[in-house]
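Chains as they are written, first to last, in full-length UniProt numbering: chain A, 1 to 382; chain B, 1 to 382; chain C, 1 to 382; chain D, 1 to 382.
Number of protein chains: 4
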Amino acid sequence: MSEKKALNIGLVGYGFMGRTHSNAYKRVNDFFDVAYRPVLKAVCGRDKAAAQAFADNWGYESVETDWRKLVERKDIDAIDICTPNNTHAEIAIAAAEAGKIILCEKPLAMDLVQGQAMVDAVEKAGVINTVWYNYRRVPAVTLAKQLIDEGRLGRIFHYRAEFLQDWTISTDLPQGGAGLWRLDAAAAGSGVTGDLLAHCIDTALWLNGHISTISAMTETFIKERKHTQTGKVQPVGIDDACAFLCRFENGSLGLFESTRYARGHKALYTFEINGEKASIKWDLQDLHRLDYFDHGDDGILRGWRSIHVTDGDQPYMKHWWVPGLQIGYEHTFVHQVADFLENLAKGESTAPTFRDALATQAVCDAVLDSAEHKKWEAVVPV
Amino acid sequence: MSEKKALNIGLVGYGFMGRTHSNAYKRVNDFFDVAYRPVLKAVCGRDKAAAQAFADNWGYESVETDWRKLVERKDIDAIDICTPNNTHAEIAIAAAEAGKIILCEKPLAMDLVQGQAMVDAVEKAGVINTVWYNYRRVPAVTLAKQLIDEGRLGRIFHYRAEFLQDWTISTDLPQGGAGLWRLDAAAAGSGVTGDLLAHCIDTALWLNGHISTISAMTETFIKERKHTQTGKVQPVGIDDACAFLCRFENGSLGLFESTRYARGHKALYTFEINGEKASIKWDLQDLHRLDYFDHGDDGILRGWRSIHVTDGDQPYMKHWWVPGLQIGYEHTFVHQVADFLENLAKGESTAPTFRDALATQAVCDAVLDSAEHKKWEAVVPV
Amino acid sequence: MSEKKALNIGLVGYGFMGRTHSNAYKRVNDFFDVAYRPVLKAVCGRDKAAAQAFADNWGYESVETDWRKLVERKDIDAIDICTPNNTHAEIAIAAAEAGKIILCEKPLAMDLVQGQAMVDAVEKAGVINTVWYNYRRVPAVTLAKQLIDEGRLGRIFHYRAEFLQDWTISTDLPQGGAGLWRLDAAAAGSGVTGDLLAHCIDTALWLNGHISTISAMTETFIKERKHTQTGKVQPVGIDDACAFLCRFENGSLGLFESTRYARGHKALYTFEINGEKASIKWDLQDLHRLDYFDHGDDGILRGWRSIHVTDGDQPYMKHWWVPGLQIGYEHTFVHQVADFLENLAKGESTAPTFRDALATQAVCDAVLDSAEHKKWEAVVPV
Amino acid sequence: MSEKKALNIGLVGYGFMGRTHSNAYKRVNDFFDVAYRPVLKAVCGRDKAAAQAFADNWGYESVETDWRKLVERKDIDAIDICTPNNTHAEIAIAAAEAGKIILCEKPLAMDLVQGQAMVDAVEKAGVINTVWYNYRRVPAVTLAKQLIDEGRLGRIFHYRAEFLQDWTISTDLPQGGAGLWRLDAAAAGSGVTGDLLAHCIDTALWLNGHISTISAMTETFIKERKHTQTGKVQPVGIDDACAFLCRFENGSLGLFESTRYARGHKALYTFEINGEKASIKWDLQDLHRLDYFDHGDDGILRGWRSIHVTDGDQPYMKHWWVPGLQIGYEHTFVHQVADFLENLAKGESTAPTFRDALATQAVCDAVLDSAEHKKWEAVVPV
């Protein structure tokens with residue numbers, strides 16, 4: 001392994017995403033033959049003991065408690081931002097100015113204005129960047145993209161996606177605190193829109209192109225929750241649920257929904273695309289399968305195929321095991337790191353880049369605006 | 001069977017629905033112990049030869065070519081309206097004035113104004129009536145209603161339904177003509193909204209109560225089709241696809257979609273309801289199953305149950321075969337006739353009545369208005 | 001309908017199968033254009049009141065309490081035998097001698113010897129005959145046959161079938177009595193072997209050809225049950241479960257299992273056939289679907305297709321509704337009557353004939369022999 | 001991480017299993033808090049270049065080409081045997097005599113005699129040992145075990161398992177050679193029996209106890225294949241397919257099947273257990289789900305539950321991600337290493353031990369004997 005170039009990682013934040021990224025960095029070279037070797041140089045968190053424990057567990061060489069220091073360190077090549085949404089912009093812009101490679105968790109920003117500033121910063125600095133919309137790299141989803149690009153679906157009529165969870169159906173859950181900043185509007189910006197729909201939107205833009213106009217509605221089912229910082233019961237500022245209609249530039253109709261109040265669904269992210277010649281469906285809860293209907297099949301034998309995406313000629317799978325043996329959620333991050341390192345060797349950023357993620361941000365903003373003003377909104381071009 | 005009272009049926013229209021109704025009349029007494037026995041007295045259609053062939057096939061005693069004559073016949077107790085949508089009102093109002101029992105195909109009318117006139121007519125005449133929204137009487141759907149009424153779902157957060165087909169994805173298909181009046185706006189009033197969404201809405205109102213406000217969009221993918229009456233290529237006036245967001249009076253959010261351009265789906269009518277305590281899902285393409293998730297189940301063993309609704313203690317099923325042996329589509333009509341005859345013996349109309357169907361019409365009108373004006377619309381109370 | 005020839009039916013037995021057959025006779029002309037019209041001339045049962053009630057319900061013109069009288073009646077064209085297994089032979093032989101058309105419930109006989117006598121009788125008398133192995137005429141199963149006959153599967157390697165139920169898992173259930181003669185060895189001959197496996201075997205012989213050798217095991221889980229005739233707790237003589245290995249003449253391997261002790265399965269009859277080029281699967285609990293895997297599909301897109309068998313070009317379906325609308329269990333009997341009447345017009349018996357059913361009987365006998373003697377047995381050629 | 005004790009691993013063999021084990025060693029400490037830290041000390045293979053490439057990829061510190069040398073090395077604590085089946089015994093016995101901890105791939109041995117010698121060796125030497133029957137540690141399978149141990153199924157009536165693949169349906173495939181030693185009887189001992197059924201048997205013995213008697217059949221569909229060592233077309237000595245009936249000591253009936261000729265199945269390992277009170281099913285191709293039917297559920301709501309085994313209170317899952325996010329195949333090996341290291345700290349071997357695996361070997365031998373002699377065989381007690 002000596003011939004691989006080291007890529008020194010500085011991770012900011014050590015929560016759920018800190019784990020998925022760290023795992024990806026540690027595994028990529030075992031399975032992918034890429035020119036770089038990620039080195040877990042430093043992890044940064046305000047709580048020093050917690051950050052140290054994380055470093056010990058994952059093998060980070062050092063710990064910082066101030067991300068500004070991390071950004072300044074000469075021995076850090078890449079800043080990986082895994083902190084709550086309200087901190088992405090400041091860290092990313094500073095990292096760009098320091099000339100660092102940047103890998104930023106999604107959603108890119110709190111809103112479009114902030115996101116635009118981030119894009120401007122990385123483009124001005126000319127730094128390599130990517131945003132962790134990891135679901136593009138589920139093999140079944142990548143296969144879906146391949147089928148669409150090959151024209152197998154023909155003209156697209158419909159795109160629908162939903163991301164359904166049920167983990168916040170309880171008045172006892174506070175807003176803020178470890179793992180619960182997603183319920184705090186000040187930290188998260190929005191609720192399911194930025195957390196879940198942003199994934200659906202990123203995938204949709206990738207698979208089906210631009211969205212033109214939107215009509216949305218949001219709802220907050222539990223109106224007040226105790227805030228962990230103040231200790232007081234306060235209004236909940238996030239959207240618990242959000243649904244929207246839209247029109248894509250290619251003439252197809254879109255329907256999106258997300259909620260944390262769909263009892264029975266832990267993380268049901270599904271999409272379905274109906275084309276003139278074929279249709280596809282996918283579901284995160286069985287992520288290793290792609291459903292496919294081909295109208296070109298012999299008439300009496302047409303049916304939805306359940307494709308078990310585990311063969312060597314299906315995306316990413318030759319790097320793993322043998323046909324029939326499924327991979328899981330975490331592998332999507334390994335795939336993104338693998339692509340990232342391969343592109344890095346070519347001096348290129350990896351999609352979705354900050355600019356790609358800005359397009360998703362524009363849709364999210366239009367969704368929230370539409371819901372607030374109860375009218376159709378055009379998506380701002382970015 | 002001599003002790004059963006005869007109910008003389010006069011059927012108007014002999015298309016697809018004419019068949020389903022005729023079958024229901026002929027089968028009900030074999031399986032249900034009700035006080036009435038439907039007698040196939042007459043079928044009415046403008047094409048005498050075709051009507052006669054239908055009569056010969058199904059055993060109708062006589063044929064009429066003018067529905068006005070049928071309505072006037074003294075030996076007819078009940079008028080069953082199976083004609084295209086644009087004829088429902090005139091026939092129903094005449095039948096009401098003639099004091100006939102009325103069974104009318106859905107949707108009730110071309111619009112709310114027409115529907116209101118029909119309701120006024122039957123209520124003024126005091127005639128027994130029903131509308132053939134048959135899916136309420138799929139045993140799995142009736143079971144869903146029972147679970148909701150028992151409070152098993154608790155507070156409802158979400159209701160979503162879709163009715164997806166793919167049979168009109170071809171520019172070769174004309175508008176108008178046998179079986180194709182559904183593509184002709186003059187005959188059908190609307191496209192998928194009245195044809196398919198009306199079913200979804202009827203079920204939704206029954207299961208989840210009133211809808212307050214709506215934001216909808218419609219699309220016509222194939223803009224021109226040859227019209228069979230004129231022989232010319234003419235603009236298509238119907239909606240090929242329609243989707244809408246809504247809010248129910250109980251505070252839940254609704255999402256509805258229908259299309260005839262969803263490649264791979266012949267007749268996928270599904271609904272899902274998410275409550276605080278439980279969720280349910282149903283799918284017309286496997287109509288004998290109800291999916292149910294009960295949050296009250298032991299935590300490590302929670303999962304969606306696939307209930308095979310074929311047991312004697314499940315709705316309607318004791319009348320059929322033995323557990324495990326499924327019934328099909330046509331049985332829903334038999335169930336409606338069975339309930340209709342049972343209620344008739346009590347002097348009562350059977351839900352959905354004309355008035356119930358008017359509520360669905362009000363939602364359909366709001367959907368089409370919203371789509372046309374591109375804004376949220378309130379549903380007119382009826 | 002006047003031009004159709006009447007076929008006067010004399011039904012012996014009025015239990016579950018009496019209902020399915022009666023329904024089939026009454027429905028066939030509504031949906032199939034065949035030359036004959038079944039007339040429900042008489043039903044025969046020892047309990048006159050019960051037989052009369054059945055006649056009243058279904059519209060039989062007369063009632064007999066002695067099947068010998070029925071067989072002698074000149075106004076009866078066809079004898080339909082729906083009685084317990086131990087009575088089939090005597091009735092069928094008498095009916096053959098009386099020159100009657102015969103439709104006999106499955107299994108044909110109590111054993112091979114008895115079955116052979118029945119075949120000899122019908123062949124000697126030259127009477128039209130059929131046996132009600134109704135599952136051949138589930139459209140998805142008929143489609144499976146069509147695919148095999150077209151060579152789409154190629155060389156067959158494996159055939160497996162199971163028929164799983166759970167309705168006798170209770171020590172409270174007696175043997176004998178209404179609906180429970182299936183637990184009484186004297187009436188049923190065997191347990192699941194003749195009741196359920198016989199179906200699996202009939203389908204297998206039809207789809208995959210002859211079975212050569214067998215190794216079987218049986219088990220009776222509940223050893224004693226109260227007998228309704230004696231009122232005493234007596235040993236149970238039937239097999240509660242039976243499984244067997246076999247070799248088909250075409251070189252494929254077979255695996256069959258049946259039980260009434262598979263908790264969670266009401267009537268799970270499934271088969272799967274693996275060929276060199278394709279595989280198929282079917283399941284009675286979702287009988288309107290056929291699963292199909294085609295190795296000839298593009299490699300990255302191979303997957304099991306779930307074919308919703310409801311299209312007009314799929315077997316039998318043009319006679320029913322429209323694509324996407326499923327039929328159920330009872331329709332298999334209608335199909336058999338339709339085919340029977342069509343063949344009758346040509347002067348031919350309808351498969352499975354008595355002779356076909358004798359082959360199934362030979363396999364059942366070999367299964368029971370193998371289980372008893374705990375060794376491989378050859379199937380006696382018939 | 002300094003406080004963890006190093007466990008120096010010497011890996012023999014670097015094929016598919018070498019990869020799964022290496023991955024497990026490298027990941028375990030990231031996710032499980034155990035006292036030991038595996039160190040990839042050496043990998044051993046006859047082809048030095050290939051072994052070196054493997055070492056480079058995975059980070060093994062050194063390479064050996066003679067396993068005897070590896071076994072003698074003082075800096076090696078544990079020998080992990082990933083070589084073809086015909087080499088397990090010799091290596092394991094030598095390793096035991098050298099006092100090494102042993103982790104051996106399945107099946108344990110070529111036959112029972114050889115397996116007994118291995119058990120004797122490890123027990124005499126008193127060395128810690130385990131055999132890699134990894135499927136016990138799929139969370140859904142471990143959950144199944146937990147449900148059975150809690151008595152939730154009640155008396156067991158039926159156990160059935162199958163392991164279906166289709167990768168050898170081609171006459172072009174040679175026997176022997178890289179990845180193809182499984183087709184060479186000299187290296188593999190048997191075909192699907194040792195390769196696939198051994199997994200099914202290990203799980204079955206664990207979940208349902210001892211097997212008493214067996215009736216089996218085997219088949220070799222392609223009788224001759226080119227051998228890579230001789231370059232000649234030679235008879236194929238392995239079983240391509242194997243099925244058997246059996247009786248368990250607890251009175252339940254068993255049915256097992258395995259094949260590499262089931263077109264459409266890449267690696268469909270399923271089992272189903274029917275108990276008096278509940279039933280369970282599992283399927284390797286969707287390994288993160290367990291199907292469960294509870295007869296204790298309210299009658300009208302009974303149905304098979306599809307449990308998405310990804311919650312923190314389900315086996316092993318608290319170590320991974322969040323509910324709804326599935327893990328994959330490779331995690332089973334991580335779980336086995338985690339349990340192994342935890343038990344090691346207590347001075348205990350980890351199930352399945354060599355002795356446990358010997359019981360599976362006894363069943364495999366009885367299966368092959370029964371198939372050869374075409375008669376029921378008793379399983380030799382071990």
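Glycine included, each C-beta is placed from N, C-alpha and C at the ideal position.
In chain C, what lies closer than 8 Å to residue i by C-beta?
| i | result |
| --- | --- |
| Ala245 of chain D | The sequence shown places Leu at residue 245 of chain D, not Ala. Those are Ser215, Ala216, Met217, Ala243, Phe244, Leu245, listed as they occur along chain C. |
| Gln285 of chain B | His308, Gly324, Gln326 |
Which chain C residues sit within Cβ distance under 9 Å of residue i?
| i | result |
| --- | --- |
| His308 of chain A | Arg302, Gly303, Trp304 |
Buried or exposed for residue i, going by 16 or more other Cβ atoms inside 10 Å?
| i | result |
| --- | --- |
| Val113 of chain A | exposed |
| Lys346 of chain C | exposed |
| Gln229 of chain C | exposed |
| Met1 of chain C | Its pLDDT being 44, under 50, Met1 of chain C is placed unreliably in this model, and the value from its coordinates should be taken loosely. By the neighbour-count rule (16 or more Cβ atoms within 10 Å), Met1 of chain C is not buried but exposed. |
| Leu21 of chain D | First, the residue type needs correcting, since residue 21 of chain D is His and not Leu in the sequence shown. Result: buried. |
| Lys41 of chain A | buried |
| Ser170 of chain C | exposed |
| Asp80 of chain C | buried |
| Pro352 of chain A | buried |
| Val233 of chain A | exposed |
| Gln314 of chain B | buried |
| Gln146 of chain A | exposed |
May I ask which residues mark the beginning and end of the beta strand (DSSP E) holding residue i?
| i | result |
| --- | --- |
| Tyr261 of chain B | First-last for Tyr261 of chain B: undefined, no H or E at that position. |
| Ala78 of chain C | 78–81 |
For residue i, go through chain D and note every residue whose CB falls closer than 7 Å to its CB, in chain order.
| i | result |
| --- | --- |
| Lys223 of chain C | Per Cβ cutoff of 7 Å: no residues; Lys223 of chain C is ~11 Å from chain D at best. |
| Ser62 of chain C | Simply none; closest approach about 40 Å. |
Cα separation between residue i and residue j?
| i | j | result |
| --- | --- | --- |
| His227 of chain A | Arg182 of chain A | 12 Å |
| Cys242 of chain D | Ala378 of chain D | 17 Å |
| Pro381 of chain C | Ala362 of chain C | 7 Å |
| Asp286 of chain C | Gly194 of chain D | 35 Å |
| Cys104 of chain B | Ala78 of chain B | 10 Å |
| Ala125 of chain D | Lys100 of chain D | 9 Å |
| Phe248 of chain B | Leu205 of chain B | 9 Å |
| residue 419 of chain A | Arg305 of chain D | Residue 419 of chain A lies beyond the stretch modelled for chain A, which goes from 1 to 382, so this question has no answer here. |
What residues from chain B crowd round residue i, counting only those whose CB sits closer than 8 Å?
| i | result |
| --- | --- |
| Gly299 of chain D | Asp311, Asp313 |
Give me the chain C residues within the contact set of residue i, using Cβ-Cβ distance strictly less than 7 Å, ordered along the chain.
| i | result |
| --- | --- |
| Tyr261 of chain D | Phe157, His158, Asn274 |
Residues of chain D with a CB under 9 Å from the CB of residue i: which are they?
| i | result |
| --- | --- |
| residue 433 of chain C | As shown, chain C starts at 1 and ends at 382. That puts residue 433 of chain C outside it, with no answer to give. |
What residue does the alpha helix (DSSP H) around residue i start on, and which one ends it?
| i | result |
| --- | --- |
| Glu72 of chain B | 67–72 |
If the cut is a Cβ gap below 9 Å, which residues of chain A does residue i touch?
| i | result |
| --- | --- |
| Lys26 of chain D | Lys26, Arg27, Asp30 |
Along the chain, which unbroken stretches of the alpha helix (DSSP H) at least 4 residues long are found entirely within the UniProt domain "GFO/IDH/MocA-like oxidoreductase" (143–280) of chain B? Complete alpha helix (DSSP H) runs here, min 4: 185–188, 198–208.
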